[in-house]
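My numbering runs 3 ahead of the 1-based position in the sequence shown. Glycine included, C-beta positions come from ideal geometry on N, C-alpha and C. This structure is a prediction, so every number in the text was calculated from the model and none was measured.
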Amino acid sequence: GALRGDLVLYNGDIHTMNADNAVVSVVAIKDGSIVYVGHNKDDALRQYQLAPAVINLQGRIAIPGLIDCHNHIVLLGNRPGYHTPLENAYSISDVQKIYKERAAAVPPHSFVTTIGGFDPNQFKEVRLPTLAELDTAVPDRPAFIQVGFSGPSATNTLGKAIFEALEAPPVILANGSIASGVDTGKALLSLRQNLTFEDRKRSTLDAMAYAASVGVTTHL
Numbered sequence: 004g005a006l007r008g009d010l011v012l013y014n015g016d017i018h019t020m021n022a023d024n025a026v027v028s029v030v031a032i033k034d035g036s037i038v039y040v041g042h043n044k045d046d047a048l049r050q051y052q053l054a055p056a057v058i059n060l061q062g063r064i065a066i067p068g069l070i071d072c073h074n075h076i077v078l079l080g081n082r083p084g085y086h087t088p089l090e091n092a093y094s095i096s097d098v099q100k101i102y103k104e105r106a107a108a109v110p111p112h113s114f115v116t117t118i119g120g121f122d123p124n125q126f127k128e129v130r131l132p133t134l135a136e137l138d139t140a141v142p143d144r145p146a147f148i149q150v151g152f153s154g155p156s157a158t159n160t161l162g163k164a165i166f167e168a169l170e171a172p173p174v175i176l177a178n179g180s181i182a183s184g185v186d187t188g189k190a191l192l193s194l195r196q197n198l199t200f201e202d203r204k205r206s207t208l209d210a211m212a213y214a215a216s217v218g219v220t221t222h223l
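Written out as structure tokens, the structure is:
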């Protein structure tokens, strides 16, 4: 098929992602398999009987990538706040570290959020972080973490104050927990109602950047 052609890439910084993290300038692909990795274009061309397609990268960077045929870039773009993936968090302390790092780039008064894409069972503690634990990580930004599409969820002190000021506020316990269903829905709806087109564009770009960071470079 079209993805199993003959191709030589040269004059680039090609990251092989091998055990040595080698960066080469020439790669040859024959019938879909890599047959040459190095720095000599002529040696690469000797791998073929018939002339392959040849692309001059003109100094650009090339990296191996994954093609994701089922993802939710638009859904991620519609997630309110500054969505923060937690799929690689394995404890409450991991969540705190990720949220602290994320909050450093989030404007004041904006929510640091996670809407789905994880489950508390992946955490060592097998629960969501508490209000106090979120306050420790993000004392100066509102935070909101939701499991799946309907909760449960949790928030910190600043988030709790914002949600409780709503005309129809969710019930939030003293530890910051919000029950599944109606109450989590109220909190999420209030955040969604403040989404702007610029927010959606920014969230979409964030989602694409995160995908690229874990090796997904093509979305179909």
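* Asked: How do the stretch 112-126 and the stretch 143-157 stand: do at least 3 beta-carbon pairs fall below 8 Å, yes or no?
  -> yes
* With distances taken from CA atoms, which of Pro67, Val98, Ser206 is nearest Arg130? -> Val98
* Own chain partners of Asn24 with C-beta closer than 8 Å, once the 5 adjacent residues on each side are dropped -> His18.
* Asked: Looking only at its own chain, which residues have a Cβ that is under 7 Å from the Cβ of Thr160, when we skip the five neighbours before and after it?
  -> The beta carbon of Thr160 lies closer than 7 Å to those of Leu134, Asp138 in the same chain, with the five residues before and after it left out.
* Taking 8 Å as the threshold, find out whether the stretch 64-83 comes into contact with the stretch 206-213 through three or more Cβ pairs. => yes
* To do: Inspect the beta-carbon positions of Ala140 and Tyr85 and report whether they are closer than 7 Å.
  => Taking C-beta atoms as the reference points, Ala140 and Tyr85 fail to come closer than 7 Å.
* Mind reading off the beta-carbon distance from Ser156 to Thr187? Whole number of angstroms is fine, and I expect it under 8 Å. => Sure, about 5 Å apart at Cβ, within 8 Å.
* Just curious, the alpha helix (DSSP H) that Gly224 is in, first and last residue? -> Because the chain is modelled from 4 through 223, residue 224 falls outside the range shown and cannot be assessed.
* Output the distance between the C-alpha atoms of Glu104 and Arg82, rounded to the nearest integer angstrom. => 19 Å
* Could you check what DSSP says for Asp16 in three-state terms: helix, strand or coil? => DSSP places Asp16 within a strand segment (E or B) once states are collapsed to three.
* Which value, in whole angstroms, describes the spacing of the CA atoms of Glu136 and Lys33? -> 53 Å
* Asked: CB Ala182 to CB Phe166, shorter than 7 Å?
  -> no
* Minimum C-alpha distance to Asn224 - residue among Gly162, Glu170, Val185, Leu169 -> Only positions 4 to 223 of the chain appear in the structure, and residue 224 is not among them; the question remains open.
* If you draw a straight line from the C-alpha of Glu90 to the C-alpha of Ile148, how long is it? -> 13 Å
* Would you kindly check if the distance between the Cβ of Ala47 and the Cβ of Val26 is under 7 Å? => no
* Secondary structure at Tyr39, three-state DSSP: helix, strand or coil? -> Under the three-state reduction of DSSP, Tyr39 is assigned to strand.
* Among His42, Thr87, Asp71, Thr158, which has the Cα closest to the Cα of Gly62? -> His42
* **Cα-Cα separation between Pro67 and Ser193, rounded to whole angstroms** => 40 Å
* Any alpha helix (DSSP H) of 4 or more consecutive residues that is wholly inside the stretch 38-77 -> 44-48
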